[in-house]
Amino acid sequence: MGHLLLNGIISGIILSFLIGPVFFVLLEASIKKGPINAVFIDIGVLLGDILYLLLAYFFAQEVLEKLQDNEFVKYIAGAVFIGMGIVAILKRDKPKKKKEINVDEVLDEVDGVKDGVANLPKKMNAKIAIGLILKGFGLNAINPGVLLYWIAACAAATEQLNISQGQMFTYFTITLSTMFGVDMVKIYFAGKLKSKLTDKTISYISIVIGGIFIVFGILFFFRDI
């Protein structure tokens, strides 16, 4: 049980800090519209992860049953992680050059922000909450990489971590709970986090995350060596 808890927490933390559209949507929503809005979006993201995880689990289970003694399973999973690492590095946001500030443009933006704040809903209602949940769910639904990630994660949990099918539910419950909990912390401290996320910092984080996936994928290839 101890290794399930530890590995589940580590996986949840890594998953929560993957730099992607969800990361920035939560950050933006928390800063511009308040933490409650970001929480409902994250609930939708969590539901999307659960759906894809269930699909990945049954799909991966079928594959592993048919290819139980086939070495290609580890190569496929490793290739997915390496591919995700390369994409994370190549698609990172590169630091932008500073440009001169146009006072008139800044004043126009300030006026726009004031108008936007004035038009924000005064309180949360069911319609707004459902809309935010669907928005978060859609972020995962339109990203096929999420399904590929969970397929690879299921294969890794079975092959690399030696987690039995009976322990899968516990492991991924811990993973998703940790991810959601870390997201709540990120949302709460979004203001402070935003000030730390310069273009250069985001670029470095993407490189580190991408490197982690590439190394993990390579180790997955040679796990028996």
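Each residue of the sequence shown is one higher than the last, beginning at 18 in the numbering used here.
Just so you know, even glycine gets a beta-carbon here, dropped at the ideal spot from N, CA and C.
Practice task
Helix, strand or coil for N157, going by three-state DSSP, please let me know.
Solution key: DSSP places N157 in helix when its eight states are reduced to three.
Exercise for the section: Could you work out which residue in F98, G61 and Q182 is closest to V232 when comparing CA atoms only? Expected result: Proximity to V232 across F98, G61 and Q182 peaks at F98, based on C-alpha coordinates.
Practice task
Between the Cα of V21 and those of F239, T175 and F238, spot the shortest distance and give me the residue it belongs to.
Solution key: Strictly speaking, residue 21 in this sequence is Leu, with Val absent from that position. The residue with the shortest Cα to Cα distance from L21 is T175.
Handout entry: Same chain only: Cβ atoms within 8 Å of P52, ignoring 5 sequence neighbours per side
Key = Correct list, in chain order: I204, Y205 and A207.
Practice task
Identify the continuous alpha helix (DSSP H) that holds K203 and give its terminal residues.
Solution key: Run containing K203: Q182 to Y205, per the alpha helix (DSSP H) assignment.
Handout entry: Rounded straight-line distance, which links the Cα of A46 to that of F237
Key = Roughly 37 Å separates the two Cα atoms.
Problem - Span separating the alpha-carbon of V42 from that of I31 - result: A direct Cα-to-Cα measurement between V42 and I31 gives close to 18 Å.
Problem - Cβ neighbours of G133 in the same chain (closer than 7 Å, five flanking residues each side left out) - result: Per-residue confidence for G133 stands at a pLDDT of 44, beneath the threshold of 50, marking its modelled position as unreliable; the derived number appears in the next sentence. Counting only Cβ-Cβ distances below 7 Å, and skipping sequence neighbours, we find nothing.
Practice task
Output yes or no for whether 9 Å exceeds the beta carbon distance between F106 and S223.
Solution key: It should be noted that the sequence gives Ile, not Phe, for residue 106. Contact flag set, yes.
Exercise for the section: Could you check what DSSP says for K91 in three-state terms: helix, strand or coil? Expected result: Here K91 sits in helix by DSSP.
Handout entry: alpha helix (DSSP H) segment containing G29, residue limits
Key = Membership of G29 in the alpha helix (DSSP H) is indicated by the continuous run G19 to S33.
Problem - Short Cβ contact (9 Å threshold) for I58 with L156 - result: Yes.
Problem - Beta-carbon separation (whole angstroms), T187 vs G29, contact threshold 8 Å - result: G29 and T187 do not touch by the CB rule: their CB atoms are close to 13 Å apart, not below 8 Å.
Exercise for the section: Give the DSSP-derived three-state secondary structure of K144 in the structure shown. Expected result: Residue state, collapsed to three classes: helix.
Practice task
Compute the beta-carbon to beta-carbon distance between I60 and I150, rounded to the nearest angstrom, for a pair I have assumed lies under 8 Å.
Solution key: Rounded, the Cβ-Cβ distance is 5 Å, consistent with contact.
Handout entry: Rounded straight-line distance, which links the Cα of Q177 to that of M101
Key = The alpha-carbon atoms of M101 and Q177 are separated by roughly 18 Å.
Practice task
Quick one: grab the DSSP three-state call for L64.
Solution key: Reduced to three states, the DSSP call for L64 is helix.
Handout entry: Proximity of G95 and I235 at Cβ, strictly below 9 Å
Key = Yes. Within cutoff.
Handout entry: Rounded straight-line distance, which links the Cα of L44 to that of F34
Key = Rounded to whole angstroms, F34 to L44 spans 12 Å at the Cα level.
Problem - From F239, N24, N54 and V39, residue whose alpha carbon lies closest to that of A143 - result: Comparing alpha-carbon positions, the option among F239, N24, N54 and V39 lying closest to A143 turns out to be N54.
Problem - DSSP-derived helix/strand/coil call for F57 - result: The three-state reading of DSSP puts F57 in helix, counting H, G and I together.
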